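This report concerns only the one structure given below.
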Amino acid sequence: MTIKQSLTWAITQLKETCERPQYEAELLLAHHLNKDRMYLITHDDEALEDVEGYQSLIHRRVKHEPYEYIVGEASFYDIYLAVEEGVLIPRPETEILIDLVADIIEKEHITHIVEIGVGTGAISIVLARKFPNLYSIATDICDTPLRVAQLNINKYELSERIEVRKSNLIDEVSEPVKLVVSNPPYIAEDFLLESNVVDYEPKEALFGGRVGDELIKQIILDVKARGIRWLACEMGYDQKEPLSAFVNELGVKSIQFYKDLAGFNRGFVIEF
1 MTIKQSLTWA
11 ITQLKETCER
21 PQYEAELLLA
31 HHLNKDRMYL
41 ITHDDEALED
51 VEGYQSLIHR
61 RVKHEPYEYI
71 VGEASFYDIY
81 LAVEEGVLIP
91 RPETEILIDL
101 VADIIEKEHI
111 THIVEIGVGT
121 GAISIVLARK
131 FPNLYSIATD
141 ICDTPLRVAQ
151 LNINKYELSE
161 RIEVRKSNLI
171 DEVSEPVKLV
181 VSNPPYIAED
191 FLLESNVVDY
201 EPKEALFGGR
211 VGDELIKQII
221 LDVKARGIRW
231 LACEMGYDQK
241 EPLSAFVNEL
251 GVKSIQFYKD
261 LAGFNRGFVI
271 EF
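In terms of the working numbering, the sequence shown opens at residue 1 and continues consecutively.
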């Protein structure tokens, strides 16, 4: 079977699973061959080695396994991060959160922060690459994200400025910090997700409680109780009103909500 024939077969298999079957078929074949996609065009009449290996990758994608888990890597911001099952795949909308936090760090000359829910380490790593004098403690309650995040931190040689720590929220953080950033679980328990998300990605990184905003509210309470000045956090598109009411009752200096690229409410920045 040639490269071209293999791609034709793969595209047919992926039509019911992917919005862009040709694109994903090419990405998976390029990964399988450890080549770029241009190679597939210039060598399309060559015989494909290890056809079964490529077909096994396609079969995994047909079952809705996320592409990032299949290849073990996710593109985010300007970097590539190791990722595996049990670790939330970083989303493009989190880049907006990072840019907002970067503005605060720059304006307020912040040097010490905490990230709640480290995942791949995406937020802490990107911020550390932007600010050479920034030090972060990145917490998570699960072992797999802590291990994967450490791999990514080591890859970018940031282990001296980012510490991963097993902790529920900021329970195990006693050091003084000026800002907390988080992409926490915020989905309601009864919300129906696509199978590629709910069947593979870690539920503890997705579901925030019966309503969905319970964990966010606890983060707000913890950050206020610790006297930390800033909190930047992602949230669900339908949580602006209840969180606004909660924060107004609690009493803060200000809260600013922001939208994602699709125009949905996606998060907030609180100054206490």
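For every residue, glycine included, the Cβ atom is placed at its ideal position computed from N, Cα and C. Please read all numbers here as calculations on a predicted model, not as lab measurements.
inquiry  = Taking 8 angstroms as the threshold (C-beta atoms), are L14 and L29 in contact?
reply    = no
inquiry  = Using a 10 Å radius around the Cβ and a threshold of 16 neighbouring Cβ atoms, would you call M38 buried or exposed?
reply    = exposed
key: Reduced DSSP secondary structure (H/G/I, E/B, other) of Q256   = strand
request  = Determine the extent of the alpha helix (DSSP H) in which L27 is found, giving its start and end residues.
outcome  = P21 to L33
request  = Please state whether DSSP places Y54 in a helix, a strand or coil.
outcome  = helix
request  = For F264, collect the residues of the same chain with a Cβ closer than 6 angstroms to its Cβ; drop the 5 residues on either side in sequence, then sort them by chain order.
outcome  = Y237
inquiry  = Cutting at 7 angstroms between CB atoms, please list the residues of its own chain near F76, excluding the five before and the five after it.
reply    = P90 and A122
key: Limits of the unbroken alpha helix (DSSP H) element including S75   = Taken as a continuous stretch (DSSP letters only), S75 belongs to no alpha helix (DSSP H), being part of the beta strand (DSSP E) at E73 to F76.
ask   = Is DSSP giving D222 helix, strand or coil here?
value = helix
inquiry  = What would DSSP say about A82, mapped onto helix, strand or coil?
reply    = strand
Residues near L158 by beta carbon distance below 7 angstroms, same chain, minus five either side = I125 and A128
query = If we ignore side chains and look at the alpha-carbon of each, how far apart do Y135 and Y69 end up?
reply = 29 angstroms
request  = List the endpoints of the continuous beta strand (DSSP E) containing I162.
outcome  = I162 to K166
request  = Decide if R20 is buried, meaning its Cβ has at least 16 other Cβ atoms within 10 Å, or exposed.
outcome  = exposed
message = Taking 8 angstroms as the threshold (C-beta atoms), are L81 and N152 in contact?
response = yes
task = Would you check if the distance between the CB atom of H43 and the CB atom of I98 is smaller than 8 angstroms?
result = no
inquiry  = So, at 7 angstroms on beta carbons, what are the nonlocal neighbours of E46 in its own chain, with the 5 sequence-adjacent residues on each side left out?
reply    = T2 and I3
message = Contact defined as beta carbons within less than 8 angstroms: I believe E271 pairs with S254. What is the distance between those atoms, to the nearest angstrom?
response = 5 angstroms
query = Taking the DSSP output, what are the residues bridged to T2?
reply = A47
message = Quick check on the burial criterion: 16 or more other C-beta atoms within 10 angstroms. Buried or exposed for T32?
response = Note that residue 32 is His in the sequence shown, not Thr. Per the 10 Å Cβ criterion, buried.
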